[in-house]
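A.B. asks: The sequence shown begins at 1 in the UniProt record's numbering and counts up one residue at a time. Glycine included, each C-beta is placed from N, C-alpha and C at the ideal position. Please read these numbers as outputs of a predicted model, since none were measured by experiment. Below you'll find the structure I mean.
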Amino acid sequence: MMKTSPTAQPPLRIGTRRSNLAIVQAEGICDSLQRLHRTDHMRLRLSAHWLEEKLTSGQLDVIMHCLKDMPTRLPDPCELAAIPLRDDPHDARSSRLGAVVDTSSVRRSVQLRRLYPHLRFANLRGNVETCLAKVDDPNSEYICMRVGLKYRINQYLRSKDGGVFRAVGQGTLGLEIRKGDSQMQELLNQLADQKSTLACLAERSLIVPIGVETEWIQSEDLRMSAIVVILDGFQSVQDTIDSRVQTVGEATALGRELAARLAKVSAEAILNDINASQPFKE
């Protein structure tokens, strides 16, 4: 009697952007899942567009995003399934001598303009490789970005050290799945980091600050600070709240409370000026 072999497990299809950084990050997710399940049934798919259409149509099982670039409101058939352990989220400076700041981020430029009004700013576009090539270009003198390449960093720009507040969700990945896919949710729960998840959900509930920072000051106490700065850098509003956070509901409530307090002290007027001047990014 012929013995039938068990049905082969279909590969897990993970979609992400085509940038080198996104590929390395997605490969890290694949490696983590392979270590957990001792399986090679992973397939990485790269695309510049239509990732969510491929997810909802069943061509993908998971999309990996940089959380700071992931909309707070996802298409109705999709949901945020997991947030893995956060990497170092701080902005950093990579430079030679000079005083021209290249950055594509409104968030960074308005905060740095407030702190260092003598600096000049240029609008930089591109991925990490493009940015670092600008640093090495003799015609470019300064780059400001969030980067994990420690050997290229001259200075960390933490707010407590006279630097800048970071972007919402910065330094974190977001794993998106089809809503109701319980099997995929159960799998990705194994990659989720609770403290990173709660801190990032609190940040995302702020909606549109210019910059934010979260810090666990005790095992269950989260400190959250946010800043709103007008584009010329000379007017700003910031505030800080400490709160006990153990659940998703408490995390989102903390972000909303801080947003309401900022609005009460004229942050809304500043944001209206920003939105009227140019499309907001980051």
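Taking the continuous alpha helix (DSSP H) assigned at Met184, which residues delimit it?
C.D. replies: Ser182 to Leu188
A.B. asks: Thinking C-beta only, is Ile14 closer than 8 Å to Met42?
C.D. replies: yes
A.B. asks: Given this structure, state the Cα-to-Cα distance separating Leu46 from Val168, to the nearest angstrom.
C.D. replies: Whole-angstrom Cα-Cα distance: 25 Å.
A.B. asks: Could you tell me which residues DSSP pairs with Gly15 in its beta bridges?
C.D. replies: Arg45 and Ile63
A.B. asks: So Ser32 is in the alpha helix (DSSP H); what residue range does that whole segment cover?
C.D. replies: If you look at Ser32, you'll find it in the alpha helix (DSSP H) that goes Asn20 to His37.
A.B. asks: Quick one, are the C-beta atoms of Leu222 and Leu191 less than 8 Å apart?
C.D. replies: No. Outside cutoff.
A.B. asks: Do the CB positions of Asp61 and Leu12 come within less than 8 Å of each other?
C.D. replies: Contact: yes.
A.B. asks: Keeping to the same chain, check which residues put their C-beta closer than 6 Å to that of Arg17; ignore five residues upstream and five downstream.
C.D. replies: none
A.B. asks: Taking its Cβ as the centre, do 16 or more other Cβ atoms sit within 10 Å of Ser182, making it buried, or is it exposed?
C.D. replies: By the C-beta density criterion, Ser182 is exposed, having fewer than 16 other C-beta atoms within 10 angstroms.
A.B. asks: Which two residues bound the contiguous beta strand (DSSP E) that contains Val229?
C.D. replies: Asp221 to Val229
A.B. asks: Cutting at 7 Å between CB atoms, please list the residues of its own chain near Thr252, excluding the five before and the five after it.
C.D. replies: Leu201, Ala202 and Ser205
A.B. asks: Excluding five sequence neighbours on each side, which residues of the same chain lie with their C-beta closer than 8 Å to the C-beta of Thr172?
C.D. replies: Cys66, Leu67, Lys68, Ile83, Pro84, Arg86, Asp87, Pro89, Ser196 and Cys200
A.B. asks: Taking just the CA atoms, how far does Lys264 sit from Leu80?
C.D. replies: 30 Å
A.B. asks: Tell me the DSSP secondary structure of Ala263 in three-state form.
C.D. replies: For Ala263, the secondary structure class from DSSP, reduced to helix, strand or coil, is helix.
A.B. asks: Where does Ala259 land, buried or exposed, given buried means 16+ other C-beta within 10 angstroms?
C.D. replies: That one is buried.
A.B. asks: Using only alpha-carbon positions, find the residue among Arg256, Gly58 and Arg73 that is nearest to Met184.
C.D. replies: For Met184, the nearest C-alpha among the options comes from Gly58.
A.B. asks: How about Lys179 and Pro77: are their beta carbons less than 8 Å apart?
C.D. replies: yes
A.B. asks: Quick check on the burial criterion: 16 or more other C-beta atoms within 10 angstroms. Buried or exposed for Val24?
C.D. replies: With fewer than 16 other Cβ atoms within 10 Å, it is exposed.
A.B. asks: So that I know if they touch, is there some Cβ in chain C lying closer than 8 Å to that of Met70?
C.D. replies: No chain C is part of this structure, which consists of one protein chain only.
A.B. asks: What does the Cβ neighbour count give for Val248, buried or exposed, with the cut at 16 atoms within 10 Å?
C.D. replies: exposed
A.B. asks: Buried or exposed: Glu186, going by 16 or more other Cβ atoms within 10 Å of its Cβ?
C.D. replies: exposed
A.B. asks: Closest to Ser243 by CA distance: which of Gln218, Arg261, Ala226 and Asp31 is it?
C.D. replies: Gln218
A.B. asks: With a threshold of 6 Å on Cβ separation, who are the neighbours of Leu36 within its own chain once the five nearest residues in sequence on each side are excluded?
C.D. replies: Gln190
A.B. asks: For Glu215, which residues in the same chain have their Cβ closer than 7 Å to its Cβ, ignoring the five residues on either side in sequence?
C.D. replies: Arg223
A.B. asks: Leaving out five residues before and five after Gln246 in sequence, what residues of the same chain have Cβ atoms less than 7 Å from its Cβ?
C.D. replies: Glu220
A.B. asks: Rounded to whole angstroms, how far is the Cβ of Ala26 from the Cβ of Leu44, which I believe are closer than 8 Å?
C.D. replies: 6 Å
A.B. asks: Flag this pair as yes or no: are the beta carbons of Ile63 and Phe165 separated by less than 8 Å?
C.D. replies: no
A.B. asks: Does the beta-carbon of Gly28 have 16 or more other beta-carbons within 10 angstroms, so that it is buried, or is it exposed?
C.D. replies: Under this definition Gly28 is an exposed residue.
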